[in-house]
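Residue 385 in the UniProt record's numbering sits at position 385 of the sequence shown, and the numbers go up by one each step.
Read the structure below first, then the notes.
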Amino acid sequence: MVSRVRVWLNRTYAENVFFMDQLRRNPCGRAVEIHATHGDPDSPILAAADFAAMEPEGLSPAAYVEYALDHCARYSIDVFVPVLHQAALAGHREEFAAAGTALLAPPAEAVHTFQDKVVAYEAVEKLGVPVPPWRRVRTADELIAAVDELEAAGHKACFKPASGAGGVGFRIITRTPFSLMHLSGFPSPYMPLDLVVQALRQADEPVDWLVMPLLGEPEVSVDCLTGPDGRVRMAVGRTKNGRRRGFTLDPRWTEPARVLAEGFGLHYLTNIQFRMFGDEPVLMDVNTRPAGGLHQLSQCGINAPWAAVRLALGEEPGDLVPPFLGQDYAVVSGPRAVRPVSVPERQPADHLDLPAAVPAPEATAATQPAEATRPAHAAQASDRPLTV
């Protein structure tokens with residue numbers, strides 16, 4: 001009899017409820033028991049899991065590693081999908097393996113490389129993958145100089161944090177003076193340069209931003225699955241052009257992603273994003289974790305989460321090639337359940353014993369079919385924002 005697979009997702013973004021759904025709907029029909037921990041008792045991933053617990057607050061990365069090792073040993077976790085403190089956890093892969101747990105994450109060195117976009121862009125250029133022009137700025141004067149340079153070359157300037165994910169902190173620079181126009185309608189990413197400069201001059205500390213041209217559409221997110229042997233099993237692009245979404249296997253997008261996945265050892269599930277700079281696709285970002293929109297690949301016949309878990313367990317899922325690309329689509333949000341009762345109170349940072357995991361209120365996967373334990377969802381969620 002094939003044993004149940006226990007998968008743990010630590011403090012992660014809400015869209016990973018769909019990751020869980022796909023694990024349960026695996027084509028092998030294998031039973032999956034999903035553990036989830038979070039700092040927010042109303043995160044929908046807690047309601048979607050078979051066992052849920054609150055995470056201790058205030059742990060350093062090193063202390064979090066101890067907490068995670070304890071969790072894996074205590075609950076016999078087979079596969080751990082870390083998002084929070086991914087680099088620190090990946091640095092202890094052998095200790096997790098000794099506890100019987102496979103980490104579904106790239107090596108720590110690769111995670112560190114892509115945590116800083118400047119380090120990443122410099123490393124990526126050495127592999128011959130195009131990146132947009134960029135300037136690292138910390139002060140108001142550096143920002144003005146970078147914006148002037150880009151605008152003189154005919155570009156619209158934008159900036160984003162040198163480290164970060166999910167589009168947090170992204171803004172587009174405009175020379176239009178602040179007026180009621182900026183206060184009408186929905187909040188806009190456009191920021192008047194004079195207000196940004198004023199804020200920088202009044203700040204107590206320097207910022208750490210990348211200033212670059214505003215890149216054109218389409219945006220293509222290439223979801224990759226790469227084995228620990230360095231071979232890419234899947235590289236499928238998800239295209240965004242305004243509201244319209246679709247899929248692509250165009251080598252203009254997938255081949256640079258393969259180069260990066262193989263060249264940096266981006267094992268397991270990663271997401272590599274491109275946009276247009278003129279007529280050339282250029283790298284925008286590399287996420288060393290499963291993308292929030294990964295579940296959209298089910299629209300073209302691929303269950304990437306389950307294939308990744310199989311790889312982590314030492315099994316070979318083979319190459320994942322979409323049997324069809326499907327029609328273009330749009331992404332809409334829908335409701336997901338939150339737990340009707342509180343999960344256990346979080347513990348102080350100096351106490352590493354895990355609160356007892358709480359089964360889902362309806363039933364666990366051990367007692368009922370997986371579909372019976374999950375609240376139905378009305379629609380799919382978008383890639384952004386990644387709510388943690």
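Note that the Cβ used here is the ideal one computed from N, Cα and C, for glycine as well.
Since this is a predicted model, take the numbers as computed values, not measurements.
Residues 192 and 194 of the same chain have their beta carbon placed closer than 8 Å to that of residue 177, with the five preceding and five following residues left out of the count. Under DSSP, the beta-bridge partners assigned to residue 8 are 35 and 80.
A Cβ-Cβ distance of about 11 Å is found for the pair residue 187 and residue 171, leaving them out of contact under the 8 Å criterion. Residue state for residue 306 is assigned as helix, using DSSP reduced to three classes.
Put simply, the backbone Cα of residue 203 is about 24 Å away from that of residue 149. Distance from the CA atom of residue 276 to the CA atom of residue 254, rounded to whole angstroms, is 14 Å. For residue 331, the three-state secondary structure derived from DSSP is coil. Here the alpha carbons of residue 106 and residue 143 stand approximately 34 Å from one another. Assignment of alpha helix (DSSP H) within the segment 119–162, counting only whole runs of 4 or more residues, yields 140–152 in chain order. In this structure, residue 224 lies away from residue 283, with their beta-carbon atoms at least 8 Å apart. In this structure residue 48 is buried. Its beta-carbon is surrounded by 16 or more other beta-carbon atoms within 10 angstroms. If you draw a 10 Å sphere on the C-beta of residue 293, you find 16 or more other C-beta atoms in it, and that means buried. Proximity to residue 117 across 339, 108 and 212 peaks at 212, based on C-alpha coordinates.
Put simply, the segment 34–47 does not touch the segment 300–317. Fewer than three CB pairs are less than 8 Å apart. In the displayed model, residue 13 falls within coil according to three-state DSSP, outside both helix and strand. In this structure, the alpha-carbon of residue 76 lies about 13 Å from that of residue 32. DSSP places residue 200 inside the alpha helix (DSSP H), whose first and last residues are 193–202.
Counting C-beta pairs with one atom in each stretch, the segment 78–94 and the segment 319–333 have fewer than three that are closer than 8 Å, which means they do not touch. Within the DSSP secondary-structure output, residue 240 pairs in a beta bridge with 219 and 245.
DSSP places residue 174 within a strand segment (E or B) once states are collapsed to three. The closest CA to that of residue 287, considering only 310, 217, 112 and 157, is found on 112. Look at residue 86 here: in three-state DSSP terms it is helix.
In the DSSP assignment, residue 277 is bridged to 280.
By the C-beta criterion, the segment 235–247 is judged not to be in contact with the segment 160–167, since fewer than 3 inter-stretch pairs fall below 8 Å. The closest CA to that of residue 25, considering only 302, 319 and 311, is found on 302. A direct Cα-Cα distance of roughly 23 Å separates residue 16 from residue 70.
Sequence-distant partners of residue 285 (beyond 5 residues in either direction) whose C-beta falls short of 6 Å from its own C-beta, in its chain, are 273. Under DSSP, residue 224 forms a beta bridge with 235 and 270. Looking at the backbone, the Cα of residue 84 and that of residue 11 are separated by about 6 Å. Restricting attention to 262, 264, 221 and 233, the CA atom closest to the CA of residue 296 is found in 221. In this structure, residue 299 sits near residue 329, with a CB-CB distance shorter than 8 Å. If the five residues before and after residue 125 are omitted, its C-beta is found closer than 8 Å to the C-beta atoms of 131, all from its own chain and listed in chain order. DSSP, read as helix, strand or coil, puts residue 40 in coil.
Cβ neighbours of residue 153 within its own chain (closer than 6 Å, five residues either side excluded): none. 8 Å or more divides the Cβ of residue 257 from the Cβ of residue 291.
Here residue 20 has 34 and 48 as same chain residues with Cβ atoms under 6 Å from its own Cβ, once five neighbours each way along the sequence are excluded.
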